Amino acid sequence: MSELRDGYITGTGAFLPGAPVSNDQMEEHLGRVAGRDSLFGKKALRWNGVESRHYAMAPDGSVSHSNAQMCALAVGAALERAGLAPRDLGMLAAATTQGDLLAPGHAAQVHAELGGGPMEIASFQSVCGSSLMAAKAAWLNVRAGEHDVTAACAGEFSSRWFRPSFYEGTALVDAKGRIRAEADFLRFTLSDGAGGVVIEAKPRPGALKINFIDIISLADRYDPCMWAGATVEDRTDPLAFWAKAGPRAAHEAGAIALLQDFELLKRVIRAWVGVYLEKVDQGRIVPADVDHCLVHYSAKSLRAEIVSLLEDTAGMIPQEKWFSVLREVGNVGSASIWLMLDRLMRSGQVKPGQKILCVVPESGRALVGFMMLEAV
Amino acid sequence: MSDVADTLRKLTIVFTEFEGRLEQTPLIRKLTRGRFELADYHAFLVQLRQQVKEGALWMSRAASNIDDQHLELRSLLMRHAVTEHRDFRLLEADYVASGGELSVIQSGEKNIGSEALSAWMYHQASQANPFGLLGAMWIIEGLGSIKAQEWGRRVKETLALPDEAVRFLLYHGENDVEHIEEFKSMLAMVLPDEAAAKRIVRTAEVTARLYALQIEEILQ
Numbered sequence: 240m241s242e243l244r245d246g247y248i249t250g251t252g253a254f255l256p257g258a259p260v261s262n263d264q265m266e267e268h269l270g271r272v273a274g275r276d277s278l279f280g281k282k283a284l285r286w287n288g289v290e291s292r293h294y295a296m297a298p299d300g301s302v303s304h305s306n307a308q309m310c311a312l313a314v315g316a317a318l319e320r321a322g323l324a325p326r327d328l329g330m331l332a333a334a335t336t337q338g339d340l341l342a343p344g345h346a347a348q349v350h351a352e353l354g355g356g357p358m359e360i361a362s363f364q365s366v367c368g369s370s371l372m373a374a375k376a377a378w379l380n381v382r383a384g385e386h387d388v389t390a391a392c393a394g395e396f397s398s399r400w401f402r403p404s405f406y407e408g409t410a411l412v413d414a415k416g417r418i419r420a421e422a423d424f425l426r427f428t429l430s431d432g433a434g435g436v437v438i439e440a441k442p443r444p445g446a447l448k449i450n451f452i453d454i455i456s457l458a459d460r461y462d463p464c465m466w467a468g469a470t471v472e473d474r475t476d477p478l479a480f481w482a483k484a485g486p487r488a489a490h491e492a493g494a495i496a497l498l499q500d501f502e503l504l505k506r507v508i509r510a511w512v513g514v515y516l517e518k519v520d521q522g523r524i525v526p527a528d529v530d531h532c533l534v535h536y537s538a539k540s541l542r543a544e545i546v547s548l549l550e551d552t553a554g555m556i557p558q559e560k561w562f563s564v565l566r567e568v569g570n571v572g573s574a575s576i577w578l579m580l581d582r583l584m585r586s587g588q589v590k591p592g593q594k595i596l597c598v599v600p601e602s603g604r605a606l607v608g609f610m611m612l613e614a615v
Numbered sequence: 003m004s005d006v007a008d009t010l011r012k013l014t015i016v017f018t019e020f021e022g023r024l025e026q027t028p029l030i031r032k033l034t035r036g037r038f039e040l041a042d043y044h045a046f047l048v049q050l051r052q053q054v055k056e057g058a059l060w061m062s063r064a065a066s067n068i069d070d071q072h073l074e075l076r077s078l079l080m081r082h083a084v085t086e087h088r089d090f091r092l093l094e095a096d097y098v099a100s101g102g103e104l105s106v107i108q109s110g111e112k113n114i115g116s117e118a119l120s121a122w123m124y125h126q127a128s129q130a131n132p133f134g135l136l137g138a139m140w141i142i143e144g145l146g147s148i149k150a151q152e153w154g155r156r157v158k159e160t161l162a163l164p165d166e167a168v169r170f171l172l173y174h175g176e177n178d179v180e181h182i183e184e185f186k187s188m189l190a191m192v193l194p195d196e197a198a199a200k201r202i203v204r205t206a207e208v209t210a211r212l213y214a215l216q217i218e219e220i221l222q
């Protein structure tokens with residue numbers, strides 16, 4: 240077998256639908272569940288630090304872009320940045336939490352929108368970490384010599400899940416019209432958009448060499464923490480998921496909406512820290528060598544104890560090296576890491592030789608991914 | 003790789019691994035999934051009592067094996083032992099307040115994990131300058147400061163118990179920050195020292211595994 244090649248990100252692209260929606264406008268935009276103001280919305284916004292976001296669905300329910308269309312636009316932008324066109328792609332890897340269709344896979348829908356002729360595709364469905372799963376496939380395809388040019392993209396169209404009709408008349412809303420916290424928090428946390436990268440075997444000026452992509456799942460230890468398809472109570476019983484009751488009854492039981500367990504999240508955050516420190520301990524990540532740290536999690540929302548724990552264990556990357564667009568563009572799930580990388584690359588802050596660490600925690604079922612990039 | 007930050011990092015990794023292992027035990031699965039029953043709580047208290055009762059005793063033994071060069075650490079261990087040596091009474095009171103018979107918890111026997119953990123602790127405490135036990139304290143006190151309240155709230159909520167029946171879990175643990183600060187100062191009393199650092203981490207690993215075995219054995 241011939242040797243593995245290096246792979247370089249030669250272009251990044253992002254797409255955000257419509258005009259930014261501020262915190263004051265967002266509840267009006269998504270719609271009020273049972274006509275009531277949210278009980279947890281302000282708390283969620285304080286916690287996640289988001290001040291503005293984009294939605295592909297208008298207040299009247301009309302849709303400006305599908306998830307796949309947003310992804311195709313992001314890949315198109317990344318290709319243009321690399322000086323290439325869709326026909327140059329050998330392979331497209333697409334990621335999302337929830338695609339436009341239940342089947343076929345997201346990559347088929349993105350390819351259909353993008354064009355570019357026959358190519359290899361791969362679909363990755365998880366939560367935020369699906370972005371790096373797709374990136375790893377696209378990178379390894381280049382590394383193995385299967386293709387010279389590949390693309391990885393990730394997109395989310397979360398807002399369509401946040402319409403009041405997804406909750407009203409279900410067990411998620413009580414007789415007084417109060418929505419369960421597990422459902423309400425996410426409405427104020429997630430929003431829409433897409434991002435992507437082009438990966439090639441040859442560097443170009445301004446390219447980023449991919450040093451490694453490590454993805455670690457702890458799903459054997461932790462129960463689902465962010466999920467859709469089961470009620471809060473039944474989420475650990477594989478035989479009681481939505482299909483058992485059928486779509487209509489499952490919706491009424493509150494098994495269709497996106498839900499988050501915040502108690503479990505605290506434990507999962509500690510598990511992420513453990514995995515990160517293990518990477519530091521092994522010398523895989525050297526905090527002092529990192530010039531830009533992209534975490535799709537705000538430093539603000541990490542509890543002070545965790546920041547001081549990272550400092551005590553020589554694992555902290557100084558906050559001035561953290562780069563984030565979470566506040567401006569919102570948490571766009573799997574797309575967030577590409578939105579951040581695209582903005583960083585356009586900021587002119589990255590100098591040759593610098594290292595960029597991307598950290599993608601996924602609360603779905605306790606997964607965390609790391610990608611180390613080095614500017615050429 | 004033997005200063006305080008490096009050791010604390012390795013210990014943090016051991017603790018998070020331990021937490022993940024605990025999460026998978028049948029007892030904690032029942033607790034986190036809302037299927038915890040009173041009998042589970044009682045069985046849990048019986049084993050915790052074994053651990054807590056022995057804890058102050060092995061700490062005293064460890065203190066008696068610390069030499070004159072480390073008097074400050076010896077004082078600290080002795081103070082810890084004094085603070086904790088009556089805590090098993092609190093567990094007995096929780097047991098009774100939640101409807102159990104005092105004689106049952108008092109005559110409770112160690113399960114296989116508790117036996118192994120206890121034997122291991124006394125064995126370690128019997129060595130000259132048993133600094134490795136700092137690793138054991140990291141695990142056991144980490145449970146107190148990080149897990150106990152979380153478990154206590156869940157027990158109280160699931161079983162609809164009054165605070166008086168969950169006092170040990172709810173109120174025993176000190177807060178995270180103080181716990182880590184004190185622990186750092188204890189590490190600084192014996193580090194940097196490569197052999198001691200290695201021993202501390204190894205003792206934490208073994209203690210974590212045996213502690214998890216104790217929890218695993220509660221519901222087999």
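Protein sequences appear in the order of chains A and B.
Counting in our numbering, the first sequence tops out at residue 615, every number present.
Counting in our numbering, the second sequence tops out at residue 222, every number present.
Heads up, the beta-carbon is just placed ideally off N, CA and C, and yes, glycines get one too.
Just so you know, these numbers come straight off a predicted model, no measurement behind them.
Worksheet entry | Within chain A, the residues that ILE15(B) reaches when beta carbons sit closer than 7 Å | The residue labelled residue 15(B) in the question sits at position 13 within the second sequence. Within chain A, the residues near ILE15(B) are GLY513, LEU516, GLU517 and ASP520.
Practice prompt. Report all residues from its chain with a CB closer than 7 Å to the CB of ALA65(B); omit the five preceding and five following residues, and keep chain order.
Written response: Your numbering for residue 65(B) matches position 63 in the second sequence. So the list reads ARG76, LEU79, MET80 and ALA83, once near-sequence residues are dropped.
Worksheet item: Which residues in the same chain have their Cβ closer than 7 Å to the Cβ of PHE133(B), if we skip the five residues on either side of it in sequence?
Response: To locate residue 133(B), count along the second sequence from 1; it is residue 131. Excluding positions up to five away in sequence, the list reads VAL192, ALA198, ARG201 and ILE202.
Worksheet entry | chain A contact for ILE182(B) (CB, 9 Å cutoff) | Here the question's residue 182(B) lines up with position 180 in the second sequence. Yes - at least one Cβ of chain A is within 9 Å of the one on ILE182(B).
Worksheet item: Any beta-carbon of chain B closer than 9 Å to the one on THR336(A)?
Response: Taking the first sequence and counting its residues from 1, the one referred to as residue 336(A) is at position 97. At least 9 Å separates the CB of THR336(A) from every CB of chain B.
Fill in: Span of the alpha helix (DSSP H), counted from its first residue to its last, around PHE17(B)
For the purposes of this step, residue 17(B) is identified with residue 15 of the second sequence, where counting begins at 1. That run of the alpha helix (DSSP H) goes 6–25.
Worksheet entry | Given VAL289(A) as reference, the closest of SER602(A), THR475(A) and LEU429(A) once Cα atoms are compared | Stepping through the first sequence from its first residue, residue 289(A) is reached at position 50. When SER602(A), THR475(A) and LEU429(A) are compared, the shortest CA-CA separation from VAL289(A) is found for LEU429(A).
Fill in: Runs of alpha helix (DSSP H) lying entirely within the segment 119–159 of chain B, each at least 4 residues, in chain order
Counting whole runs of 4 or more residues, the segment 119–159 of chain B contains the alpha helix (DSSP H) stretches 135–144.
Item to complete: Starting from the C-beta of MET3(B), find all residues in its chain whose C-beta is less than 6 Å away, skip the five residues before and the five after it, and write them out in chain order.
Response: Working through the second sequence from its first residue, we reach residue 3(B) at position 1. Any reading at MET3(B) must be qualified, since the residue scores a pLDDT of 47, below 50, and its modelled position is unreliable; no value is offered.
Worksheet item: What's the gap between the Cα of ARG285(A) and the Cα of SER109(B)?
Response: Within the first sequence, the letter at position 46 stands for residue 285(A). Within the second sequence, the letter at position 107 stands for residue 109(B). Answer to the nearest angstrom: the Cα atoms are 51 Å apart.
Discussion item. For GLU267(A), tell me which candidate among GLY300(A), GLU385(A) and ALA316(A) has the shortest Cα-Cα distance.
Written reply: Within the first sequence, residue 267(A) is the residue found at index 28, counting from 1. Nearest C-alpha to GLU267(A): GLY300(A).
Practice prompt. For the alpha helix (DSSP H) containing LYS518(A), list its first residue and its last residue.
Written response: Taking the first residue of the first sequence as 1, we reach residue 518(A) at position 279. Looking at the DSSP string, the run of the alpha helix (DSSP H) that includes LYS518(A) is 501–520.
Discussion item. Less than 9 Å between CB atoms is the rule here; does SER547(A) satisfy it with respect to chain B?
Written reply: For the purposes of this step, residue 547(A) is identified with residue 308 of the first sequence, where counting begins at 1. Judged by the 9 Å Cβ criterion, SER547(A) is in contact with chain B.
Item to complete: Would you mind sorting ARG51(B) into buried or exposed? The rule is 16 or more other CB atoms within 10 Å of its CB.
Response: The residue given as residue 51(B) occupies position 49 in the second sequence. It is buried - the Cβ of ARG51(B) has at least 16 other Cβ atoms within 10 Å.
Worksheet item: Helix or strand or just coil, what does DSSP make of ASP327(A)?
Response: For the purposes of this step, residue 327(A) is taken as the residue at position 88 of the first sequence. Annotated three-state conformation of ASP327(A) is helix, per DSSP.
Worksheet item: Between the segment 472–495 of chain A and chain B, which residues of the former have a C-beta closer than 8 Å to a C-beta of the latter?
Response: Listed by position, the residues of the segment 472–495 of chain A near chain B (Cβ gap below 8 Å) are GLU472 and THR475.
Item to complete: List the DSSP bridge partners of LEU533(A).
Response: Here residue 533(A) corresponds to residue number 294 of the first sequence, with the count starting at 1. Bridge partners of LEU533(A): CYS597(A).
Discussion item. Counting C-beta neighbours from all protein chains within 10 Å, is the total for PRO463(A) 16 or more, i.e. buried, or is it exposed?
Written reply: The sequence position of residue 463(A) within the first sequence is 224, counting from 1. Burial call: buried.
Practice prompt. Identify each residue in the segment 52–76 of chain B for which the Cβ-Cβ distance to at least one residue of chain A is less than 9 Å, and report them in chain order.
Written response: Per Cβ criterion, the list is empty.
Fill in: Chain-ordered chain A contacts of GLY146(B) [CB-CB under 7 Å]
Within the second sequence, residue 146(B) is the residue found at index 144, counting from 1. In chain order: nothing, as chain A lies at least about 15 Å away.
Worksheet item: Using the beta-carbon of each residue, which ones in chain A are nearer than 7 Å to ALA7(B)?
Response: To locate residue 7(B), count along the second sequence from 1; it is residue 5. Per Cβ cutoff of 7 Å: ASP551, THR552 and ALA553.
Worksheet item: When burial is assigned at 16 or more other CB atoms within 10 Å of the CB, is GLU74(B) buried or exposed?
Response: As a first step, residue 74(B) is located in the second sequence; it is residue number 72 there, counting from the start. GLU74(B) should be labelled exposed.
Discussion item. Which residues in chain A have a C-beta closer than 7 Å to the C-beta of LEU10(B)? List them in chain order.
Written reply: Position 8 of the second sequence, counted from the start, is the residue given in the question as residue 10(B). Under the 7 Å cutoff, chain A gives ASP551 and THR552.
Item to complete: Taking only beta-carbon positions, decide if GLU601(A) is within less than 9 Å of chain B.
Response: Here residue 601(A) corresponds to residue number 362 of the first sequence, with the count starting at 1. For GLU601(A), not one C-beta of chain B is nearer than 9 Å to its own C-beta.
Item to complete: Can you grab the Cα-Cα spacing for the pair TYR515(A) / GLU56(B), in whole Å?
Response: The residue given as residue 515(A) occupies position 276 in the first sequence. The residue given as residue 56(B) occupies position 54 in the second sequence. Across the structure, TYR515(A) and GLU56(B) are spaced so that their CA atoms are roughly 34 Å apart.
Worksheet item: Taking Cβ positions, are ARG244(A) and ALA440(A) nearer each other than 9 Å?
Response: Taking the first sequence and counting its residues from 1, the one referred to as residue 244(A) is at position 5. Taking the first sequence and counting its residues from 1, the one referred to as residue 440(A) is at position 201. Yes, these two residues count as a Cβ contact at 9 Å.
Fill in: CB of LEU447(A) within 9 Å of CB of ALA467(A), strictly
Along the first sequence, read from residue 1 onward, the residue named residue 447(A) stands at position 208. Along the first sequence, read from residue 1 onward, the residue named residue 467(A) stands at position 228. Not a contact, by the Cβ cut-off of 9 Å.
Item to complete: Quickly, what does DSSP pair GLN364(A) with across the bridge? List them, please.
Response: Within the first sequence, numbered from 1, the residue matching residue 364(A) stands at position 125. Answer is THR335(A), bridged to GLN364(A).
Worksheet item: Which chain B residues are close to VAL457(A), counting only those with a beta carbon under 8 Å from its beta carbon?
Response: Reading the first sequence from its first residue, position 218 is the one you call residue 457(A). The sequence given here places Leu at residue 457(A); Val does not occur at that position. Those are GLY22, listed as they occur along chain B.
Fill in: Residues that ASP453(A) bridges to, as DSSP identifies them
Along the first sequence, read from residue 1 onward, the residue named residue 453(A) stands at position 214. Looking at the DSSP output, ASP453(A) bridges to PHE609(A).
Worksheet item: Alpha carbon to alpha carbon, what distance is there between ARG487(A) and ILE495(A)?
Response: Taking the first residue of the first sequence as 1, we reach residue 495(A) at position 256. Taking the first residue of the first sequence as 1, we reach residue 487(A) at position 248. Between ILE495(A) and ARG487(A), the C-alpha separation is close to 9 Å.
Worksheet item: Do three or more CB pairs link the segment 379–398 of chain A to the segment 332–350 of chain A at distances below 8 Å?
Response: The segment 379–398 of chain A vs the segment 332–350 of chain A: in contact.
Practice prompt. Spell out a yes or no on whether the segment 382–389 of chain A and the segment 251–262 of chain A are touching, meaning 3 or more CB-CB pairs, one atom from each, closer than 8 Å.
Written response: No, because fewer than three Cβ pairs between the segment 382–389 of chain A and the segment 251–262 of chain A fall closer than 8 Å, the two stretches do not touch.
Worksheet item: Going along the chain, which residues of its own chain have a beta-carbon closer than 6 Å to the beta-carbon of GLN626(A), five neighbours each way excluded?
Response: Given a span of 240 to 615 for chain A in the structure shown, any question on residue 626(A) remains unanswerable.
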